[in-house]
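Asks: Numbering (my numbering), first residue to last: 269 to 573.
Here you go, one structure.
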């Protein structure tokens, strides 16, 4: 339960960036924030959060926002610049339409959907300004398709440069986000990704974000700590009737093969990739022994990234 970090995140700033390696639980955390702040889910608050830390002491902002949640990993990075641009706009328009449908009963209506998804986004922001509510923009894997473009050059064109420089599509979109925040219709943004490079490359397009990635309070926001793994291994060992030495060896094995991350120099305890940890723990719970292959196939595709 990491929901006690929500008040700290609110205090950290209104335009936030959180970076972690792939398959580290960032999307799950963003889903937590979506459910917490979405005004359309107010009736579900007790069911979703009642038994969690934040449910015992919620902040005044819970269920107070229109939430626009985007996922840039679905943007197709293949093709030329225009094809990537169309894919991004299609995603923006789909999510904007879904958002309007979800909040139409509370006054969010009249958004002008254009082929240019950034224009549609600007229309959404303008319409939000005519309601009593503010917009919370959440972008999962903000840098995903741009990173794919960066590592997959296409002969005769610099697609990445076209996306992030000048009036490039990514830069233009983030300028619209920044403008909406400055005008007060967008109250908060939360971006997840794996690298700050894309935001750095769009320079003044979106130079207002606060990076939480090395914040000591957010060190273990995603992933499992060493002590948590030990507790789970002891529980699995009790169910499978494994001796103490066996579970201790399992923890040593996970440390050796999965290493662990220290995202803040002010925190000593290491944090482990949850995809790898759960893969190991599930196999141990089912079979009472270690998996023969210690790398989960879900991470194999990211091995060289």
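Don't be surprised by glycine CBs; every beta carbon is placed ideally from N, CA and C.
Bear in mind the structure is a predicted one, so any value in this text is a computation, not a measurement.
If you follow the alpha helix (DSSP H) that residue 531 is in, where does it begin and where does it stop?
Replies: Looking at the DSSP string, residue 531 is not in any alpha helix (DSSP H), and its letter there is neither H nor E.
Asks: Please say whether residue 442 and residue 284 have beta carbons closer to each other than 7 Å?
Replies: no
Asks: Given a cut-off of 7 Å on the beta-carbon distance, is the pair residue 537 and residue 483 in contact?
Replies: No, Cβ-Cβ distance for residue 537 and residue 483 is not below 7 Å.
Asks: Using 8 Å as the Cβ pair cut-off and three pairs as the minimum, do the region 421 to 437 and the region 372 to 379 touch?
Replies: no
Asks: Alpha carbon to alpha carbon, how far is residue 369 from residue 464? Give it in angstroms, no decimals.
Replies: 33 Å
Asks: Residue 371 to residue 447, Cα distance in whole Å?
Replies: 22 Å
Asks: Tell me which residue opens and which closes the beta strand (DSSP E) that residue 457 is part of.
Replies: 454 to 461
Asks: Taking residue 535 as the reference, which of 502, 515 and 488 has the closest Cα?
Replies: 488
Asks: Comparing alpha-carbon positions, which option in 515, 300 and 383 lies nearest residue 406?
Replies: 300
Asks: Tell me whether residue 533 is buried or exposed, calling it buried when 16 or more other Cβ atoms sit within 10 Å of its Cβ.
Replies: exposed
Asks: Would a check of beta-carbon distances place residue 454 closer than 7 Å to chain C?
Replies: The structure shown contains no chain C; it is built from a single protein chain.
Asks: Considering only the beta carbon of each residue, do residue 342 and residue 359 sit closer than 7 Å?
Replies: yes
Asks: Which word fits residue 426, buried or exposed, when buried means at least 16 other C-beta atoms lie within 10 angstroms of its C-beta?
Replies: exposed
Asks: Spatial neighbours of residue 279 within its chain, please: C-beta separation below 7 Å, excluding the five flanking residues on both sides.
Replies: none
Asks: Expressed to the nearest angstrom, what Euclidean distance is found between the alpha-carbon atoms of residue 453 and residue 421?
Replies: 37 Å
Asks: For residue 413, which residues in the same chain have their Cβ closer than 6 Å to its Cβ, ignoring the five residues on either side in sequence?
Replies: 340, 343 and 345
Asks: I need the DSSP call for residue 358, collapsed to helix, strand or coil.
Replies: In this structure, residue 358 counts as helix in the three-state DSSP scheme.
Asks: Out of 317, 362, 435 and 400, state which residue places its alpha-carbon closest to the alpha-carbon of residue 382.
Replies: 362
Asks: On a CA-only basis, which of 324, 437 and 313 is nearest residue 384? Give me that one, please.
Replies: Per the Cα distances, 437.
Asks: Residue 470: buried (16+ other C-beta within 10 angstroms of its C-beta) or exposed?
Replies: buried
Asks: What's the C-alpha gap between residue 416 and residue 508?
Replies: Rounded to the nearest angstrom, the two C-alpha atoms are 43 Å apart.
Asks: Could you check which residue in 490, 288 and 522 has the C-alpha nearest to that of residue 501?
Replies: Taking only the C-alpha atoms, the option nearest residue 501 is 522.
Asks: Along the alpha helix (DSSP H) that carries residue 339, what are the first and last residues, could you check?
Replies: For residue 339, there is no enclosing alpha helix (DSSP H); the enclosing beta strand (DSSP E) covers residues 333 to 339.
Asks: Using 8 Å for Cβ pairs, my map puts residue 460 next to residue 380. What's the rounded Cβ distance?
Replies: Not a contact, Cβ separation roughly 29 Å.
Asks: Can the beta-carbon of residue 403 be found closer than 7 Å to that of residue 317?
Replies: no
Asks: Under three-state DSSP, which class holds residue 257?
Replies: Because the chain here runs from 269 to 573, residue 257 falls outside it and cannot be looked at.
Asks: Do residue 504 and residue 563 have their beta-carbon atoms positioned less than 7 Å apart in this structure?
Replies: no
Asks: Roughly how many angstroms separate the alpha carbons of residue 282 and residue 274, rounded to a whole number?
Replies: If you take the alpha carbons of residue 282 and residue 274, they lie about 12 Å apart.
Asks: Look at residue 287 and residue 481 and say whether their C-beta atoms are less than 7 Å apart.
Replies: yes
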